[in-house]
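Just so it is clear: in the sequence shown, position 87 is 136 by the numbering used here, and no numbers are missing. Every residue, glycine too, gets a C-beta built ideally from N, C-alpha and C. This structure is a prediction, so every number in the text was calculated from the model and none was measured. What follows is a single structure, written as structure tokens, with notes after it.
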Amino acid sequence: MTSQDGATAQAWEALGGADGLAGRVSYRGPSGLEGPLPVRELARATVGVCGLAAAELAAVRAGGTALDAAPVVVDEGAVATAFVSERHLRVAGRAPVSFAPLSGFWRAADGWVRTHANYPHHEAALVRALGVPATPEAVRGALAERRAVEVQELVYGQGGLAVAVAPEYGEPQPLVEWTPGEGRGGRVLAAEPGRLPAAGVRVLDLTRVIAGPVATRTLGVLGADVLRIDAPGLPEADDAHADTGFGKRSALLDLGRSEDRAVLEGLLDEADVVVTGYRPGALEQFGLGGEELLERRPGLVVAELCAWGWRGPWAGRRGFDSLVQAGYGIAARCAGEDGTPGVLPAQALDHGTGYLV
50 MTSQDGATAQ AWEALGGADG LAGRVSYRGP SGLEGPLPVR ELARATVGVC GLAAAELAAV
110 RAGGTALDAA PVVVDEGAVA TAFVSERHLR VAGRAPVSFA PLSGFWRAAD GWVRTHANYP
170 HHEAALVRAL GVPATPEAVR GALAERRAVE VQELVYGQGG LAVAVAPEYG EPQPLVEWTP
230 GEGRGGRVLA AEPGRLPAAG VRVLDLTRVI AGPVATRTLG VLGADVLRID APGLPEADDA
290 HADTGFGKRS ALLDLGRSED RAVLEGLLDE ADVVVTGYRP GALEQFGLGG EELLERRPGL
350 VVAELCAWGW RGPWAGRRGF DSLVQAGYGI AARCAGEDGT PGVLPAQALD HGTGYLV
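Set out below in structure tokens:
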């Protein structure tokens, strides 16, 4: 068994955790998340601080204080499995589908491009931008004739997803940004010793794909009442939805319809926590941005996550874990001997973010 490391202390501090508690996290067992970058340390630290936050909440709800939080022991083998949970899922015995044929690395005239075409509308945008049929051979040929950044901007301009593989790491951003509330307006839950830490907490889940759904799945495991809301007709990766859907209920609401919007407003009035996972500006058009939610509902806890950060020229762009790995220099750092970009042993950015949230 090993005691917590620097990554755990860093994550706990970023979350605003109580001083001195990070030392109560320890780790045991082998991991399996090895590679050229410290994915093992990232994974166990995010799960470790998630467990510590749960222990802190349990202590407070039992009538104590945060300093009464119980020690947390994290099994690194379980962490490694959880970080690739989407690969282990079986629906009716069928192996999951991870990436579509047009998702992956492609050689450009001056480097490499990573595309993401798992959803039909993103695949359609990709081939529309390139002016080719939806086959790997056609995409490969079209990209080989263009510069990587040219492809990136062309595809994004058509509503698709493609990122030039960066040869170096991007500018660092804060791990977490948080603003303490005013301590008024929210429900006060009664102390309930012996129950799960988040029992009775009502969570509204406005997230998609992996990072946000992992966060809300974890809240469900901890006892929260989680309701996921999606728009009808929006394409979904069924396997990822199933993998991150445990412990939740789900519903479809069309925010363009006044009746559905009224239902959502009622759900917001009853929620303790709202978790969102869309790019900046996407929910603001419906009046559901974090600042707007907090202004109308003091006491609400709002957690927001996005791919490229909240400021800068890429803030409004769509993104996925694989694309961020490409755009921030991780794929280049994981490249093989032949120079082909590589990937982390798990979609660790997504899963790690989920546990931090």
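| Query | Result |
| --- | --- |
| Just verifying my parser: in three-state terms, what is the DSSP assignment at F369? | coil |
| Where do the ends of the alpha helix (DSSP H) carrying S43 lie? | Here the chain has residues from 50 to 406 only, and residue 43 is not among them. |
| Considering only the alpha carbon of each residue, which of L268, R298, A273 and H171 lies closest to D279? | R298 |
| Grab the span of the alpha helix (DSSP H) containing V200 for me, first residue to last. | A197 to G206 |
| Going by alpha carbons, who is nearest to A354 out of T293, G261, G305 and G269? | Sequence inspection shows Leu at residue 354; the Ala mentioned does not correspond to that position. That would be G261, whose Cα lies nearest to the Cα of L354. |
| For Y76, which three-state DSSP category applies? | strand |
| Am I right that P408 and P185 are in contact with their C-beta atoms under 8 Å? What's the rounded C-beta distance? | Summary: the structure shown does not reach residue 408, with the chain confined to residues 50 through 406, and so no result is reported for it. |
| For the beta strand (DSSP E) that T164 lies in, which residues bound it at each end? | G160 to T164 |
| If you drop the 5 nearest sequence neighbours on each side, which residues of the same chain put their C-beta closer than 7 Å to that of G330? | G365 |
| Which word fits F295, buried or exposed, when buried means at least 16 other C-beta atoms lie within 10 angstroms of its C-beta? | exposed |
| Spatial neighbours of Q201 within its chain, please: C-beta separation below 8 Å, excluding the five flanking residues on both sides. | V162, A211, V212 and A213 |
| When the distance is taken between beta carbons, is G160 closer than 8 Å to A197? | yes |
| Specify whether the region 140-159 and the region 264-276 touch according to this definition: at least 3 beta carbon pairs, one from each stretch, less than 8 Å apart. | no |
| Check this for me: beta carbons of G368 and W357, under 8 Å apart or not? | yes |
| Is the Cβ-Cβ distance between V128 and G100 less than 8 Å? | no |
| Could you please give the first and the last residue of the uninterrupted alpha helix (DSSP H) stretch that includes R136? | S134 to H137 |
| Between the C-alpha atoms of A118 and R189, what's the straight-line distance to the nearest angstrom? | 54 Å |
| Report all residues from its chain with a CB closer than 6 Å to the CB of F335; omit the five preceding and five following residues, and keep chain order. | L304 |
| Tell me which residues share the same chain as H171 and place their Cβ nearer than 7 Å to its Cβ, disregarding the 5 neighbours each side in the sequence. | H165, G209 and L210 |
| What do you get for Q396, buried or exposed, if any count of 16 or more other CB atoms within 10 angstroms of its CB means buried? | buried |
| Who pairs with D124 in a beta bridge, going by DSSP? | R77 |
| Determine the closest residue to E319 out of L349, T265 and T114, with distance taken between C-alpha atoms. | L349 |
| Quick one: is Y218 buried, meaning 16 or more other Cβ sit within 10 Å of its Cβ, or exposed? | exposed |
| Among L393, L106, A240 and A104, which one has its Cα closest to the Cα of V373? | L393 |
| Is there contact between the region 374-392 and the region 54-74, where contact requires at least three CB pairs shorter than 8 Å? | no |
| Within 10 angstroms of its Cβ, does D387 collect 16 or more other Cβ (buried), or is it exposed? | exposed |
| Please classify L254 as buried or exposed, where buried requires at least 16 neighbouring CB atoms within 10 angstroms. | For clarity, residue 254 is Asp in the given sequence; the question names Leu instead. Buried, since its Cβ has 16 or more Cβ neighbours within 10 Å. |
| Among all the DSSP beta bridges, which residues are the ones paired with G153? | T164 |
| Of the residues R93, L116, T57 and E105, which one's Cα is nearest the Cα of A131? | R93 |
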